[in-house]
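In the UniProt record's numbering, the protein residues as written are 1 to 122. Cβ atoms here follow ideal geometry from the backbone N, Cα and C, with glycine treated the same way. Here is the structure we will look at.
Right under this line is the structure:
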């Protein structure tokens, strides 16, 4: 069995983080400094609803927002918290450790000879 060459978000992104978005939500940012890498990750289709539901054991209804935000070269995600911030059973008051499952998400490398994604002219 052969596998496609890939890199993880940990290797590709400048920033992968999570933080509070109020007492009932956590927000995630995956920010890229290289426009070509950002466009490749976006075009790969890997960061989708099914992946997020599997990584975080949530339903699509738990996803408040999920989008690529071109001006910041970022993937943005907001999820409902399982428990309200600071409540009994809540495990990460600041939401700062919840990004970890995203770090090892594999993005297939571009195939040799494949055209680079087109970017809008400034």
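To the nearest whole angstrom, what separates the beta carbons of residue i and residue j, a pair I think is in contact under 8 Å?
i	j	result
residue 65	residue 78	4 Å
residue 23	residue 56	With a Cβ gap of about 18 Å, residue 23 and residue 56 do not count as contacting.
Between the C-alpha atoms of residue i and residue j, what's the straight-line distance to the nearest angstrom?
i	j	result
residue 26	residue 84	10 Å
residue 32	residue 111	20 Å
residue 1	residue 92	Unreliable positioning characterises residue 1 in this predicted model, as indicated by a pLDDT of 41, which lies under 50. A coordinate reading is not provided.
residue 12	residue 67	18 Å
residue 59	residue 107	23 Å
residue 121	residue 89	Any reading at residue 121 must be qualified, since the residue scores a pLDDT of 47, below 50, and its modelled position is unreliable; the value itself is stated next. Computed Cα separation, rounded: 49 Å.
residue 47	residue 30	11 Å
residue 147	residue 81	The chain is shown only over 1 to 122; residue 147 falls outside these bounds and no answer can be derived.
Please work out which residues of its chain come closer than 8 Å, Cβ to Cβ, to residue i, disregarding the five sequence neighbours upstream and downstream, and give them in chain order.
i	result
residue 104	8, 9, 10
residue 52	58, 63, 66, 77, 79
Grab me the residues of residue i's own chain with a C-beta within less than 6 Å of its C-beta, minus the 5 sequence neighbours each way, in chain order.
i	result
residue 5	109
residue 28	18, 77, 99
residue 38	32, 73
residue 42	68
May I ask you to report which of helix, strand or coil DSSP gives residue i?
i	result
residue 18	strand
residue 108	strand
residue 1	For residue 1, the predicted structure reports a pLDDT of 41, less than 50, and the residue's modelled location is therefore unreliable. A value from the coordinates is still provided. Note: residue 1 maps to coil in three-state DSSP.
residue 122	Only weak support is given to the placement of residue 122: the predicted model assigns it a pLDDT of 43, under 50, and the question is left unresolved by the model.
residue 6	strand
Excluding the five sequence neighbours on either side, which residues of its own chain have a C-beta within less than 7 Å of the C-beta of residue i, listed in chain order?
i	result
residue 20	26, 85, 94, 95
residue 14	31, 32, 33
Secondary structure, alpha helix (DSSP H): runs of 4+ residues fully inside the UniProt domain "DUF4387" (9-105): 9-12, 35-44, 49-56, 100-103
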